[in-house]
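For the sequence shown, position 94 (counting from the first letter as 1) is numbered 153 according to this note's numbering, and the numbering increases by one without interruption. Okay, so here's the structure we're looking at.
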Amino acid sequence: MIFKRQRRILGTLVDQAVLRLAEKSKSKRSSTKSIHPSTLVICPRRVYYYLMEEPFELVKDPRGLRILENGTKVHERFQTYFQEAGILLASESSIKNEDLWLSGKIDAIVTMENTKYVVELKSIQSGKFKCLTSPLKAHMEQIQLYMHCTGIHKGIVIYENKDTQETCEFEVNYDPEIANSLINRILTIQDAVKTKQPPARVCKNIEEGKWKFCEYCPSCF
Ligand code: SF4
């Protein structure tokens, strides 16, 4: 039997479904605006637009949306593994700080040898995985904020290679200097909201914004 790649039939239906699901989740966006650590560490300007309820355009890239969703599904798998390993204390546990307008969810809190750890789970491309010698800056910052808010001063950032499912992990200690710099970033955003002056762009051009799946590209550039 000779096979040849056929016209995308299922793939097209899946792409349409992905876009419809994205549209539905857009309408479910919370009306209570808060600062999410995962966005804060990527771009303060994006947080500003979100807080200001700037109209946004859904990223109409089904493949990109599936990449993002894959990342979320990694959390579920690892939470199940931690549960089975008997170390899971909490998954997707909420953090909130009203003064800082901050809210988020911690991927997992685990306990090993009587020590609690905040865990940040990430999936990453092979090329980047091979080069890891420390947590990436954004991930380091994210976990520092979680450690700051929970008072658990030990953390682990664990990466899974998207292509091979290998893992590597880095233990991270709380660093008040990094946490304070993030709090200052939040204060800057709060000022920006009050003065209606958006913080500086972090992207060099609109293409970079699209590559980051930023829904505020049209407002930003
Ligand atoms: S396009 Fe880039 S700089 Fe502009 S808001 Fe989005 S992430 Fe930030």
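Cβ atoms here follow ideal geometry from the backbone N, Cα and C, with glycine treated the same way.
**Item:** Nearest neighbour of E179, chosen from K187, S193 and M199 [CA to CA]
**Value:** Stepping through the sequence shown from its first residue, residue 179 is reached at position 120. Considering only alpha carbons, the answer is M199.
**Prompt:** Should G186 be listed as close to ligand 3, given that the test is whether its C-beta is under 7 angstroms from any heavy atom?
**Reply:** For the structure depicted, ligand 3 is absent and the ligand set comprises only ligand 1.
**Asked** Three or more C-beta pairs closer than 8 angstroms, one from the segment 202-219 and one from the segment 229-240: is that the case here?
**Response** With the cut-off at 8 angstroms, the segment 202-219 and the segment 229-240 touch.
**Request:** Going by CA-CA distance only, name the one from V169, R260, V133 and S97 that's closest to N220.
**Result:** Mapped onto the sequence shown, residue 220 falls at position 161. Among V169, R260, V133 and S97, the Cα nearest to that of N220 is on V133.
**Asked** DSSP on E219, reduced to helix/strand/coil?
**Response** Position 160 of the sequence shown, counted from the first residue, corresponds to residue 219. The answer is strand: DSSP assigns E219 an E or B state.
**Asked** Cα-Cα, which of Q249, I245, Y176 and D250 is closest to F229?
**Response** Here residue 229 refers to the residue found at position 170 of the sequence shown. The candidate whose alpha carbon is nearest that of F229 is Y176.
**Request:** State the Cα-Cα distance for the pair K83 and P96, rounded to the nearest angstrom.
**Result:** Locating residue 83 in the sequence shown gives position 24, counting from the first residue. Locating residue 96 in the sequence shown gives position 37, counting from the first residue. The straight-line gap separating the alpha-carbon atoms of K83 and P96 is approximately 23 angstroms.
**Request:** Check whether the Cβ atoms of I248 and L161 sit closer than 8 angstroms, and answer yes or no.
**Result:** Translated into the one-based positions of the sequence shown, residue 248 becomes position 189. Translated into the one-based positions of the sequence shown, residue 161 becomes position 102. No, they are not a contact pair.
**Item:** Buried/exposed call for I168, threshold 16 Cβ in 10 Å
**Value:** Residue 168 sits at position 109 when you count from the first residue of the sequence shown. It is buried - the Cβ of I168 has at least 16 other Cβ atoms within 10 Å.
**Prompt:** Going by C-alpha distance, which of R64, D74, T98 and R104 is nearest Q256?
**Reply:** As a first step, residue 256 is located in the sequence shown; it is residue number 197 there, counting from the start. Sorting R64, D74, T98 and R104 by C-alpha distance to the C-alpha of Q256 places R104 at the top.
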